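Number of protein chains: 2
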Amino acid sequence: MTPNEFREHGHALIDWIATYREKIEERAVSRTIEPGAIRAALPKAPPRQAEPVSDIMADFESILLPGVLHWQHPSFFGFFPSNVELSSVLGDLLSTGLGMVGISWEASPALTELEETCVDWLRQMLGLGPAWRGAIQESASVSTLIAIVCARERYSGSKYAKGGIRQPAHPGMVYTSARAHSSVGKTAMIAGFGTDHIRIVPIQPGGSLDAKRLRAMINEDIARGARPVAIIATTGATANTAMDDIDAIADVAQECGMWLHVDAAMGGAAMLLPECRPGWEGIERADSIVVSPNKWLGAAFDSSMMFVRDHEHLTKVMGTCPSYLRTPTDGKVTQLRDWSIPTGRRFRALKLWFLIREQGVDGLSKRIRRDLVNARRLAQLVDAEPGWHVVNKITLQTVCVRHEPPGVSGAELDEHTRAWVQALNESGKAYLTAAQVDDAWMVRVSIGVLGTQWHHIEKLWADMRAYAGQNARLALAA
Amino acid sequence: MTPNEFREHGHALIDWIATYREKIEERAVSRTIEPGAIRAALPKAPPRQAEPVSDIMADFESILLPGVLHWQHPSFFGFFPSNVELSSVLGDLLSTGLGMVGISWEASPALTELEETCVDWLRQMLGLGPAWRGAIQESASVSTLIAIVCARERYSGSKYAKGGIRQPAHPGMVYTSARAHSSVGKTAMIAGFGTDHIRIVPIQPGGSLDAKRLRAMINEDIARGARPVAIIATTGATANTAMDDIDAIADVAQECGMWLHVDAAMGGAAMLLPECRPGWEGIERADSIVVSPNKWLGAAFDSSMMFVRDHEHLTKVMGTCPSYLRTPTDGKVTQLRDWSIPTGRRFRALKLWFLIREQGVDGLSKRIRRDLVNARRLAQLVDAEPGWHVVNKITLQTVCVRHEPPGVSGAELDEHTRAWVQALNESGKAYLTAAQVDDAWMVRVSIGVLGTQWHHIEKLWADMRAYAGQNARLALAA
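Those protein sequence lines, which keep their order, are chains F and Z.
Residue 389 in the working numbering sits at position 379 of the first sequence; the count goes up by one each step and never skips.
Residue 365 in the working numbering sits at position 355 of the second sequence; the count goes up by one each step and never skips.
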């Protein structure tokens, strides 16, 4: 594609995206799609001959767009907010257009140094101390994997990295809460721990991991010859935004010589607000933290920030320097590949830099605060409504609810819950996700899409009552 | 940022990128930057108040752009081609603008099914059989990590994933060539093998891993109680594009029950051309392959394609399904998170879809063929020039050269080699990277940037002779 063709199609695409965002409320949040229907509509084989961009865009609109769940829609309350501020789109576009790859500092000094700057800006925005260093990773899961490998190597004195994991008598153990993200188990498995060596610590009322039970479990494990290696705490659990008591957990980690990693992928954005910071008191005592600006904060995916206190340990574990990457500046500069699994990376900091500058810390803070207020307002409405219950502690922007029609409980209630949320989702009016907590299904209202104002939430609440009520009547009639 | 502001700044940015690409030859490929200079020019603290986009772009041009190594410059011959076709920029922009996250099929059916389609298109383009399935990963390193974990779990019968790695008597071994990418050691370390259990197999003349020596090393390891787990072969080694003899290695892998992973991250693009496919004969006997369309082929980073034969094993190892991701379509659809480390992903297939359609398989093939021809032409010129030597077998688009002034050898020659390439790089006229093969430094001319025509290579060749000659004279005079 020539630059002139790019001008033409690029302008059209910018307009398309602007209009998409402008008029997104006219769309159904999602449409029901039969599995395989999109694939069946696409050609089986790649085209031999070049095709016009207009054909590609036409196919995008007719074949793909109906199968898009609109995460940027103000009535999207599913999963978590994955905001992509339009300023961040610009930063990312610039990165793609430049097309450089950060495999070493020399391979692009600007890429490395802007990433260092943006990491430090975010550190300050979150109220973290100056000892923290960091890098942008693909995702929170990857950050957690790197943290677990660092924990493993601190435990082994770097012997496993060299000699492989050896555990004839002393398997290392990883501890986390039942509310932790599924990536904890997955990444510990990848790092060679085995899911048998991941201990799920019970939670206290309110959802925090029970630090006393943690201590007791560690004692039991030590007594039977196992050794504690790492604990993964969560600031804002995926299902219900439960907040672990970092300070209490840090006491245990310190006593037992464990690595403390804090998964604040979604919830970390709230720490822009000083009034939220008591929610992760003790954070300075952690060894590593992940906060993903590509969620609530508004940076385009992928932009997950991993912070670490002992960065020399991290780069010792993760570092490599083959001859084809050796340069005269080695030792004087940061080599981001030594912080990551991949060797190369996009100019990922640009999208964060555009976002932070174009919004300002005040602008970002104001929006995060709006969502926190909206969540509390919705929780009040739900609590005041007969038959409805808020089933989580409102710590952040997610309100977990259950509609309990009279006389309906157990499996029947689970069925009712999953049925009304599915019916509401199929209507296209809003999108919600259900999740299981303590073996019971509930519905998560995850507030925080950029465009979501209070009136969208009011409308959602009316729709929730309508669909749950209608569904309950149908269920009772059946 | 409002959609209208996005229109305004987006159009300007599209024009900026078009002009950047159009006039890139007017720029020095790189400029010398002092470590820390860019960071020092950026504000230490993030802005509290919103700033105009014009200020951000002005700072980008004045502070960051001088620190950009121009990977898309036709005189960039460093590292490897990391082409970003402008059509791929459009596909990526569309993905960012839509802002969806593929954490499950339901979270975006179009994202999942287009990725399945593009994986299968690429499979066909590379001449691979219909049994291969795949997914797009962040990078080749990540693909190799997943392959190594799959190998580990096939070896352990999924016992390590559950019980952790246990190796009191039988450490599992990973084999690879001295020419393999640094990610092999790093990812095996992450997966718990330990670098002591990575065996570097000697190479044959021409650069292929010596399959007989591999067999002998495995026998020795078995005799001392170790067990072979995986072998990582390379199609197009990073330093010198050496090609392993996949067929001979597959014989050994089969005999010994090992997982065979083929790293064709860069070189795989050549397999678009039927005439190149003898270069990875035996590929159908591999267990996994990685080909990264974000290198030579022209898709924007990140777009690394991992193919696997036993996808049920892969998704069993890598799969998770927490309640908050359960949906009514489970079991009927592909869940891409079960193929990857992260749970979520961008709509990465769009950039590949735009690229393949806008260029057509014929267009892509023609360009790859051009680069292969240019590499052979350059090698002929170098070989014909007194004092110059081609030091690799020209298998793909990289010509490895050494200028050997009379009477200069050993450490002095290494110094000369690194000095002239540094001087040439600092001139901004071209960019090359040096690398060490068999303990001697040489210079890699990695051809294949989208805009690189034969005349750019002729100019490079003149510059190489000038800088190496000048440097040799200075060295001899000193």
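No residue lacks a Cβ here, since even glycine has one placed at the ideal position from N, Cα and C.
Treat the numbers as computed from the prediction; the structure is a model and nothing was measured.
Own chain partners of residue i with C-beta closer than 8 Å, once the 5 adjacent residues on each side are dropped
i: Leu-224(Z); result: Tyr-185, Val-211, Ile-241, Ile-259, Val-262
i: His-83(F); result: Ile-34, Glu-35, Arg-37, Val-39, Tyr-441, Val-459, Gly-461
i: Phe-357(F); result: Leu-104, Ser-105, Leu-108, Met-110, Gly-112, Ser-118, Ala-120, Leu-121, Leu-124
Alpha-carbon to alpha-carbon, residue j and residue i
i: Tyr-165(F); j: Gly-182(F); result: 8 Å
i: Asn-527(Z); j: Gly-204(Z); result: The requested residue 527(Z) is not part of the displayed model; chain Z covers only 11 to 488.
i: Val-318(F); j: Leu-52(F); result: 45 Å
i: Arg-237(Z); j: Ala-60(Z); result: 60 Å
i: Ser-92(Z); j: Phe-86(Z); result: 10 Å
i: Gly-173(Z); j: Met-199(F); result: 9 Å
i: Ile-66(Z); j: Ser-98(F); result: 12 Å
i: Thr-12(Z); j: Leu-96(F); result: 8 Å
i: Ser-478(F); j: His-426(F); result: Looking at the sequence provided, one finds Ala at residue 478(F) rather than Ser. Distance between the alpha carbons of Ala-478(F) and His-426(F) is about 8 Å.
Under 7 Å by beta carbon: chain F residues contacting residue i
i: Ser-118(Z); result: Val-78, Leu-79
i: Met-11(Z); result: Glu-95, Leu-96, Ser-97, Glu-368
i: Phe-89(Z); result: Ile-113, Ala-117
i: Met-135(Z); result: Pro-56
i: Met-199(Z); result: Ala-171
i: Asp-340(Z); result: The premise fails here: Asp-340(Z) is roughly 10 Å from chain F at the closest Cβ pair, so nothing lies under 7 Å.
i: Gln-59(Z); result: Gly-370, Asp-372
i: Pro-332(Z); result: Ser-192
i: Pro-352(Z); result: Glu-148, Ser-149, Ser-151, Val-152
i: Arg-49(Z); result: Glu-123, Glu-126, Thr-127
i: Val-159(Z); result: Ile-200
Cβ-based neighbour list, residue i, same chain, cut-off 7 Å, excluding 5 preceding and 5 following
i: Gly-88(F); result: Tyr-441, Leu-442, Thr-443, Ser-456
i: Leu-219(F); result: Ser-187, Val-211, Ile-213, Ala-243, Asp-254, Ile-259
i: Arg-41(F); result: Pro-76, Gly-438
i: Ile-467(Z); result: Asn-384, Leu-388, Ile-457
Within chain Z, partners of residue i - CB distance below 7 Å
i: Val-111(F); result: Trp-81, Ser-92, Phe-311
i: His-426(F); result: Chain Z residues near His-426(F): none, gap ~15 Å exceeds 7 Å.
i: Gly-202(F); result: Tyr-170, Gly-174, Ile-175, Ala-201, Gly-202
i: Asp-102(F); result: Thr-106
i: Arg-387(F); result: Simply none; closest approach about 24 Å.
i: Leu-155(F); result: Ile-351
Extent of the continuous alpha helix (DSSP H) to which residue i belongs
i: Thr-154(F); result: 150-166
i: Pro-13(F); result: 13-32
i: Pro-238(Z); result: No alpha helix (DSSP H) holds Pro-238(Z); the beta strand (DSSP E) holding it covers 237-244.
i: Gly-420(F); result: 420-437
i: Gln-134(F); result: 119-135
i: Thr-325(Z); result: 321-328
Cross-chain neighbours of residue i in chain F, by beta carbon under 8 Å
i: Trp-131(Z); result: Ala-55, Pro-56
i: Gly-278(Z); result: In chain order: nothing, as chain F lies at least about 15 Å away.
i: Pro-45(Z); result: Trp-115, Pro-119, Thr-339, Lys-342, Val-343
Span of the beta strand (DSSP E), counted from its first residue to its last, around residue i
i: Ser-314(F); result: 314-318
i: Asp-273(Z); result: 269-273
i: Ser-98(F); result: Note, Ser-98(F): premise wrong, no beta strand (DSSP E); alpha helix (DSSP H) at 96-108.
i: Arg-336(Z); result: No beta strand (DSSP E) holds Arg-336(Z); DSSP gives it neither H nor E.
i: Leu-224(F); result: Taken as a continuous stretch (DSSP letters only), Leu-224(F) belongs to no beta strand (DSSP E), being part of the alpha helix (DSSP H) at 221-233.
i: Ile-146(F); result: 143-147
i: Ile-455(F); result: Correcting the residue identity first, residue 455(F) is Val in this sequence and not Ile. 450-456 is the span of the beta strand (DSSP E), which, as asked, contains Val-455(F).
i: Cys-331(F); result: Element bounds for Cys-331(F): n/a, residue is neither H nor E.
Under 9 Å from the C-beta of residue i: neighbouring residues of chain Z
i: Ile-256(F); result: Neighbours of Ile-256(F) on chain Z: none; closest Cβ ~22 Å, over 9 Å.
i: Gln-390(F); result: The contacting residues do not exist; Gln-390(F) stays about 24 Å from chain Z at best.
i: Leu-30(F); result: Checking the sequence shown, residue 30(F) turns out to be Tyr, not Leu. Residues of chain Z passing the Cβ test: Pro-13, Gly-107, Leu-108.
i: Gln-345(F); result: Simply none; closest approach about 11 Å.
Same chain only: Cβ atoms within 6 Å of residue i, ignoring 5 sequence neighbours per side
i: Asp-102(F); result: Ala-310, Lys-361
i: Ile-490(F); result: Coverage of chain F is limited to positions 11 through 488, which leaves residue 490(F) absent and any answer about it impossible.
i: Ile-293(Z); result: Ile-256
i: Arg-264(F); result: A quick correction: the sequence has Gln, not Arg, at residue 264(F). There are no such residues.
i: Ala-161(F); result: Val-239, Ala-240, Trp-269
Per-residue contacts from residue i into chain F (C-beta, under 9 Å)
i: Leu-23(Z); result: Gly-20, Ile-24, Leu-100, Leu-103, Leu-104, Gly-107
Partner residues on chain Z for residue i, Cβ-Cβ distance less than 8 Å
i: Gly-195(F); result: Thr-330
*Given a limit of 7 Å on CB to CB distance, which residues of the stretch 367-380 of chain Z reach chain F?*
Flagged, chain order: Arg-367, Glu-368, Gln-369, Gly-370, Val-371, Asp-372, Gly-373.
Taking a cut of 7 Å between CB atoms, which residues from the stretch 286-309 of chain F lie near chain Z?
-> Cβ contacts with chain Z come from no residue of the stretch 286-309 of chain F.
query: Got a sec: which bits of the stretch 205-229 of chain Z sit with their beta carbon under 8 Å from any beta carbon on chain F, in order along the chain?
result: Within the stretch 205-229 of chain Z, Thr-205, Asp-206, His-207 place their CB atoms closer than 8 Å to a CB of chain F, listed in sequence order.
Against chain Z, which members of the stretch 409-443 of chain F pass a CB distance test of less than 8 Å? Interface annotation for the stretch 409-443 of chain F against chain Z: Gln-432, Thr-443, criterion Cβ-Cβ distance under 8 Å.
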